[in-house]
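Peer 1:
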Amino acid sequence: RCNAVCRHLGLSVLKGSLIFVADLMRAIPSNVVIDLMEVSSYGGGNTESSGTVRILKDLSGTIEGRDVLIVEDIIDTGLTLNYLMGYLGGKSPRSIRIVTLLNKPARRLVDLKVDWTGFEIPDKFVVGYGLDFNDQYRNWPDIAVLKPELYA
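Heads up: the sequence shown runs through residues 5 to 156, numbered per my numbering.
1. Exposed or buried, residue 77, counting other C-beta atoms within 10 Å across all chains shown (16 or more means buried)?
2. From the DSSP output, read off the bridge partner residues of residue 119.
3. Is DSSP giving residue 129 helix, strand or coil here?
4. Just reading off the beta strand (DSSP E) that residue 74 is part of, what are its end residues?
5. What are the residues that DSSP puts in a beta bridge with residue 106?
6. Can you check which of these residues, 84, 97, 135 and 80, is closest to residue 109 by C-alpha distance?
7. Quick one: what's got a C-beta closer than 7 Å to residue 16's C-beta in the same chain, skipping five residues either side?
8. Let me check understanding here. Comparing Cα to Cα, which of 66, 144, 137 and 105 lies closest to residue 156?
9. Enumerate in chain order the residues of its own chain whose CB-to-CB distance from residue 82 is below 7 Å, with the five nearest sequence positions on each side excluded.
10. Kindly indicate which three-state DSSP category residue 148 falls into: helix, strand or coil?
11. Tell me where the beta strand (DSSP E) around residue 39 begins and ends.
12. Note down the Cα distance separating residue 18 from residue 152, rounded to an integer number of angstroms.
13. Enumerate in chain order the residues of its own chain whose CB-to-CB distance from residue 101 is below 6 Å, with the five nearest sequence positions on each side excluded.
14. Comparing alpha-carbon positions, which option in 43, 71 and 69 lies nearest residue 61?
15. Expressed to the nearest angstrom, what Euclidean distance is found between the alpha-carbon atoms of residue 14 and residue 29?
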C-alpha cells in the first residue's frame with residue numbers, strides 16, 4: 005500500500021506528452037511520482053487514428069490505491085484514452101483524472117470527462133511541443149498547424 009508521499013501518480017502518455025508533463029509536474033507543489041506508458045492508435049505516417057489501440061510500453065509500477073493523473077498531449081477521437089481509462093480502471097486506482105494540453109472536441113467519437121484542458125483547438129493537424137508527424141517536429145518549441153502538403 006502506498007503512503008501519502010507517493011499516493012499521487014502523474015502518468016505521461018508517450019511520446020507526445022513528454023514536454024508537457026515535464027512542465028506540468030514542476031508546477032505541482034505536492035509530491036508526485038511519474039510513470040510512463042506508450043499507447044498508440046496511429047502509425048506509419050497516418051494522420052488519422054486506426055481505431056485499434058496498442059500498448060507499446062506498459063506501467064512500470066502499480067497504481068493500486070493511487071490518485072492517477074493521466075497527462076495527454078492531445079485528445080482527438082478519444083478512442084485511445086477511452087481504452088486507457090478502462091485498462092487503468094481495472095488496476096484498482098483510488099481515482100483517475102485527465103489533463104490534456106490540447107482538446108479537439110470536433111473529432112470526438114466517445115464521451116470522455118476531461119478534467120483540465122489547456123487549449124481547445126479546431127480540427128487541424130498540429131505539431132510541435134512534443135506533438136509529431138511520423139516522429140518529426142516534436143522538438144519545435146511552439147505548436148503549429150502542419151501544412152497538408154507536408155503529410156498528404
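For glycine and all other residues, C-beta sits at the position ideal for the given N, C-alpha and C.
Peer 2: According to the structure shown:
1. The residue you call residue 77 lines up with position 73 of the sequence shown. With a 10 Å radius around the Cβ and a threshold of 16 neighbouring Cβ atoms, residue 77 comes out buried.
2. One-based indexing of the sequence shown puts residue 119 at position 115. None; residue 119 has no bridge partner.
3. Numbered from 1 along the sequence shown, position 125 holds the residue referred to as residue 129. Correct three-state label for residue 129: coil.
4. Residue numbering aside, residue 74 sits at position 70 when the sequence shown is read from its first letter. Counting along the chain, the beta strand (DSSP E) containing residue 74 begins and ends at 71-79.
5. Numbered from 1 along the sequence shown, position 102 holds the residue referred to as residue 106. Beta-bridge pairing links residue 106 to 78 and 123.
6. The residue labelled residue 109 in the question sits at position 105 within the sequence shown. It is 80.
7. For the purposes of this step, residue 16 is taken as the residue at position 12 of the sequence shown. Contacts found: 22, 25, 38, 40 and 75.
8. In the sequence shown, residue 156 corresponds to position 152, counting from 1. That would be 137, whose Cα lies nearest to the Cα of residue 156.
9. For the purposes of this step, residue 82 is taken as the residue at position 78 of the sequence shown. Same-chain partners within the cutoff: 112, 113, 114 and 116.
10. Your numbering for residue 148 matches position 144 in the sequence shown. Residue 148: strand per DSSP, three-state reduction.
11. On the sequence shown, residue 39 is found 35 positions in, with the first residue counted as 1. First-last of the beta strand (DSSP E) with residue 39: 37-44.
12. The count along the sequence shown starts at 1 and reaches residue 18 at position 14. The count along the sequence shown starts at 1 and reaches residue 152 at position 148. Taking the straight line joining both Cα atoms gives about 24 Å.
13. By 1-based counting over the sequence shown, the position of residue 101 is 97. The answer, listed in chain order, is 73 and 119.
14. Walking along the sequence shown from the start, residue 61 turns up at place 57. Ranking the options by Cα distance to residue 61, first place goes to 43.
15. One-based indexing of the sequence shown puts residue 14 at position 10. One-based indexing of the sequence shown puts residue 29 at position 25. So the alpha carbons of these two residues sit roughly 8 Å apart.
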